[in-house]
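Colleague: Numbering (our numbering), first residue to last: 11 to 679.
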């Protein structure tokens, strides 16, 4: 969007666009400062009346603060996570009515509002950014598709609303997007950011006409390391285009079905960050742009912030020369272990806290004494910290059975008692024996029925306990297990909200290692004694030292586990390497094999890598039916295998093509 001094036709990306004279004319280049704001209101998804009130409350605050331009986060009137409800006429009509009320309510206010709304066009949903000033909708422009939910919307970028949508006095008329013609084009309000955080250059109007404002009403999920990259990109864009960047991200109240929204807010002027909101807060963030800054921008003169673009170049350089790493999921080039831990746990904890608040429930967690449930416990403690509730509200249940080692039982007890949660122990051995007898199993044959009966008994207990205690069963399964199908269908595969679903096993270990260090240094997210923190640290370190096992077969006489997962599926470091390159980056099995043999040449011989890769391919394909029935859960990273808009494939597809491609490659050696 460009504020112009006069009505003129200019060309942007090959399209003609009518730029309109706006009320800032005569003020922008005077000696008066310009005050701009970005806002993230608290929303209720689909509750237009509540959201309208929240928007108007912030508008009132902005008017009192003499703000000239105010941008709201994406789809603030509806919430950005309505999904297919955006196609409901009841919701769309409510949006029209609400927008008309906002236009009328601000008729006497000297402020420009920028608000995005959903509308229907030829049976498709598009997002429109409307510019409201003194009771008039000055301009409506289709917004770019930067949302985490962008597949719901048609790509209507650059469609200009015909002027006959408004009466002469500026009163808003019901929108009929079928009147839009392809010849009517306007410049985008912002450039699109793609999945890997690179951006495509978009034509920017000649800055000699005025000041360029790049606005970003956004609704992307918060992922570990994401905002850091986005922030650098926006700073670099502002500096290179001598523009003012206004960024407002969706936040509290949005659905946490798949992830969380942090409500980031950022104002950048010619590469200088003027104001920045705190993550996971709602409200208004404002900045004063001084006259000399405005003049410098208009004259295309960079201020003293030239170092900012260097940071962006450094980030791009690091990504471009990145070598194939042994642990690609850990972001070691971008984040230190503490930042990685804090950002990831905060996202997981916020997601769980939001779901608990929305459902009025308490967390219920099966605690096994293993890695995944230990991480899920830390997430529950983080949720207690950010949600300001006592850890005693967290119910943890140890359910030892025929395959449980005594050491695992004791570790679960130690974690439960040291964290001050409501710890319970329910032995399932008798219930499993009775169940096996009822279905005609001898109880002695250690087959898949024997193993899965234990996993499903535990899930049944947790689900029924959730009914009894008004609880929410917290899922512990991780991303690597999901890829392999290494879980019992409708056993540990099922929960009410999964917190580890986007965390690969190598990252689980990395997080637990960091947590052990932090608890050892007395840095608990909740108030605990030094002794308790020391006990937690010691328990976590012991868990890290033990082999990964489902513990569904009786242990040896010395209490050592009989089942070792990595003996079956391969080491998780190489499983995650396969997952990163083949699944999330689409490389051919032959390429993945060559990369793995190069990276792990000092650890594993080629024949083992071949065996594990073939096993990974077979397991990944045949376990899709489990992923298709995955529960909802928070994602701390963009890599996910959940069926909700993350990973879709048929459950009955066979892996022959992928295995044959690998075999053909190996035959050429």
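Here a beta-carbon is modelled for each residue, glycine too, at the ideal position from N, C-alpha and C.
For residue 667, collect the residues of the same chain with a Cβ closer than 8 Å to its Cβ; drop the 5 residues on either side in sequence, then sort them by chain order.
Modeller: Start at 1 with the first residue of the chain shown, and residue 667 comes out as number 657. Around residue 667: no qualifying Cβ.
Colleague: Helix, strand or coil: how does DSSP classify residue 634 here?
Modeller: Position 624 of the chain shown, counting from 1, holds the residue named residue 634. Three-state DSSP puts residue 634 in a helix.
Colleague: Out of 525, 554 and 555, state which residue places its alpha-carbon closest to the alpha-carbon of residue 543.
Modeller: Counted from its first residue, the chain shown places residue 543 at position 533. For the residues 525, 554 and 555, the minimum Cα distance to residue 543 belongs to 525.
Colleague: Taking residue 148 as part of the beta strand (DSSP E), name the residues at either end of that continuous run.
Modeller: The residue given as residue 148 occupies position 138 in the chain shown. Looking at the DSSP string, the run of the beta strand (DSSP E) that includes residue 148 is 146-152.
Colleague: Rounded to whole angstroms, how far is the Cβ of residue 584 from the Cβ of residue 614, which I believe are closer than 8 Å?
Modeller: To locate residue 584, count along the chain shown from 1; it is residue 574. To locate residue 614, count along the chain shown from 1; it is residue 604. Yes, they are in contact, since the Cβ atoms of residue 584 and residue 614 sit about 7 Å apart, within 8 Å.
Colleague: Is residue 99 buried or exposed, if buried means 16 or more other CB atoms sit within 10 Å of its CB?
Modeller: Against the chain shown, residue 99 aligns to sequence position 89. Exposed, by the Cβ-count rule.
Colleague: Comparing C-alpha positions only, which one of 654, 627 and 640 sits nearest to residue 673?
Modeller: As a first step, residue 673 must be located in the chain shown, where it is residue number 663. When each option's Cα is compared against that of residue 673, the closest is 627.
Colleague: If we ignore side chains and look at the alpha-carbon of each, how far apart do residue 562 and residue 442 end up?
Modeller: By 1-based counting over the chain shown, the position of residue 562 is 552. By 1-based counting over the chain shown, the position of residue 442 is 432. Their Cα atoms are separated by approximately 12 Å.
Colleague: What is the rounded straight-line gap between the Cα of residue 472 and the Cα of residue 462?
Modeller: In the chain shown, counting from the first residue as 1, residue 472 sits at position 462. In the chain shown, counting from the first residue as 1, residue 462 sits at position 452. One C-alpha to the other measures close to 16 Å.
Colleague: Could you give the C-beta distance for residue 376 and residue 418, rounded to a whole number, given that I count them as a contact under 8 Å?
Modeller: Translated into the one-based positions of the chain shown, residue 376 becomes position 366. Translated into the one-based positions of the chain shown, residue 418 becomes position 408. That pair is no contact at about 12 Å.
Colleague: So what's residue 582 in DSSP terms, helix, strand or just coil?
Modeller: Counted from its first residue, the chain shown places residue 582 at position 572. Three-state DSSP puts residue 582 in a helix.
Colleague: To the nearest angstrom, how far is the alpha carbon of residue 452 from that of residue 446?
Modeller: Locating residue 452 in the chain shown gives position 442, where the first residue counts as 1. Locating residue 446 in the chain shown gives position 436, where the first residue counts as 1. Whole-angstrom Cα-Cα distance: 7 Å.
Colleague: Between the Cα of residue 127 and those of 121, 103 and 280, spot the shortest distance and give me the residue it belongs to.
Modeller: Taking the chain shown and counting its residues from 1, one reaches residue 127 at position 117. When each option's Cα is compared against that of residue 127, the closest is 103.
Colleague: Any idea if residue 608 is buried or exposed, counting beta-carbon neighbours within 10 angstroms, 16 or more meaning buried?
Modeller: Within the chain shown, the letter at position 598 stands for residue 608. Burial call: exposed.
Colleague: If contacts are defined as beta-carbon pairs under 8 Å, then residue 494 and residue 633 qualify, I think. What distance do you get, rounded to the angstrom?
Modeller: For the purposes of this step, residue 494 is taken as residue 484 along the chain shown, with counting starting at 1. For the purposes of this step, residue 633 is taken as residue 623 along the chain shown, with counting starting at 1. About 7 Å; that satisfies the 8 Å criterion.
Colleague: Taking residue 555 and residue 571 to be in contact with their CB atoms under 8 Å, please state how far apart those CB atoms are, rounded to whole angstroms.
Modeller: As a first step, residue 555 is located in the chain shown; it is residue number 545 there, counting from the start. As a first step, residue 571 is located in the chain shown; it is residue number 561 there, counting from the start. 13 Å between Cβ atoms; not a contact.
Colleague: Select from 344, 420 and 392 the residue whose C-alpha is nearest the C-alpha of residue 533.
Modeller: Along the chain shown, read from residue 1 onward, the residue named residue 533 stands at position 523. That would be 392, whose Cα lies nearest to the Cα of residue 533.
Colleague: Do the stretch 341-355 and the stretch 260-269 make contact, defined as three or more Cβ pairs closer than 8 Å?
Modeller: Taking 8 Å as the limit for Cβ pairs, the verdict is that the stretch 260-269 does not touch the stretch 341-355.
Colleague: DSSP on residue 401, reduced to helix/strand/coil?
Modeller: Reading the chain shown from its first residue, position 391 is the one you call residue 401. Residue 401: helix per DSSP, three-state reduction.
Colleague: Are the CB atoms of residue 359 and residue 407 within a distance shorter than 8 Å?
Modeller: As a working note, residue 407 is residue 397 in the chain shown. As a working note, residue 359 is residue 349 in the chain shown. Cβ distance not < 8 Å, so residue 407 and residue 359 don't count as in contact.
Colleague: If contacts are defined as beta-carbon pairs under 8 Å, then residue 249 and residue 492 qualify, I think. What distance do you get, rounded to the angstrom?
Modeller: Here residue 249 refers to the residue found at position 239 of the chain shown. Here residue 492 refers to the residue found at position 482 of the chain shown. That pair is no contact at about 41 Å.
Colleague: When the cut-off is 8 Å and only beta carbons count, does residue 398 lie next to chain D?
Modeller: Of the chains in the structure shown, none is chain D; there is only one protein chain.
Colleague: Output the residue ranges of the beta strand (DSSP E) runs that lie fully inside the stretch 437-503 and measure 3 residues or longer, sorted by chain position.
Modeller: Complete beta strand (DSSP E) runs here, min 3: 481-485.
Colleague: Along the chain, where does the beta strand (DSSP E) that runs through residue 131 open and close?
Modeller: Locating residue 131 in the chain shown gives position 121, where the first residue counts as 1. 122-131 is the span of the beta strand (DSSP E), which, as asked, contains residue 131.
Colleague: Which residue from 606, 334, 515 and 257 puts its Cα closest to that of residue 287?
Modeller: Within the chain shown, numbered from 1, the residue matching residue 287 stands at position 277. Among 606, 334, 515 and 257, the Cα nearest to that of residue 287 is on 257.
Colleague: Using a Cβ-Cβ cutoff of less than 8 Å, which residues in the same chain neighbour residue 396 once the five nearest sequence positions on both sides are dropped?
Modeller: Against the chain shown, residue 396 aligns to sequence position 386. Excluding residues within five positions, the ones whose Cβ falls inside 8 Å are 290, 356, 359, 360 and 363.
Colleague: Restricting to runs no shorter than 3 residues, where is the beta strand (DSSP E) found entirely within the stretch 246-315?
Modeller: Those beta strand (DSSP E) runs which fall completely within the stretch 246-315 and span 3+ residues are 254-259, 275-279, 282-286 and 293-299.
Colleague: Would you mind stating whether residue 295 and residue 47 have Cβ atoms separated by less than 8 Å?
Modeller: What you label residue 295 is simply residue 285 of the chain shown in a count that begins at 1. What you label residue 47 is simply residue 37 of the chain shown in a count that begins at 1. In this structure, residue 47 lies closer than 8 Å to residue 295 by Cβ.
Colleague: Is it buried or exposed for residue 458, if we count other Cβ within 10 angstroms and need 16 for buried?
Modeller: Taking the chain shown and counting its residues from 1, the one referred to as residue 458 is at position 448. That one is exposed.
Colleague: What does the Cβ neighbour count give for residue 664, buried or exposed, with the cut at 16 atoms within 10 Å?
Modeller: Counting from 1 along the chain shown, the entry for residue 664 is found at position 654. Residue 664 is exposed by the Cβ-count criterion.
Colleague: Could you tell me the alpha carbon to alpha carbon distance between residue 225 and residue 255, rounded to whole angstroms?
Modeller: Mapped onto the chain shown, residue 225 falls at position 215. Mapped onto the chain shown, residue 255 falls at position 245. So the two alpha carbons sit approximately 6 Å from each other.
Colleague: Quick check on the burial criterion: 16 or more other C-beta atoms within 10 angstroms. Buried or exposed for residue 118?
Modeller: By 1-based counting over the chain shown, the position of residue 118 is 108. Looking at its Cβ environment, which holds fewer than 16 other Cβ atoms inside 10 Å, residue 118 is exposed.
Colleague: Residues in the same chain with beta-carbon distance under 8 Å from residue 423, minus the five sequence neighbours each way, listed in chain order, please.
Modeller: Position 413 of the chain shown, counted from the first residue, corresponds to residue 423. So the list reads 408, 433 and 435, once near-sequence residues are dropped.
Colleague: Any idea if residue 351 is buried or exposed, counting beta-carbon neighbours within 10 angstroms, 16 or more meaning buried?
Modeller: As a first step, residue 351 must be located in the chain shown, where it is residue number 341. Per the 10 Å Cβ criterion, buried.
Colleague: Find the nearest neighbour of residue 683 within the set 275, 279, 259 and 580, judged by alpha-carbon distance.
Modeller: For the chain, the structure presents residues 11 to 679; residue 683 sits outside this window and is missing.
Colleague: Measure the alpha-carbon distance for residue 586 versus residue 649 and round it to whole angstroms.
Modeller: As a first step, residue 586 must be located in the chain shown, where it is residue number 576. As a first step, residue 649 must be located in the chain shown, where it is residue number 639. Whole-angstrom Cα-Cα distance: 12 Å.
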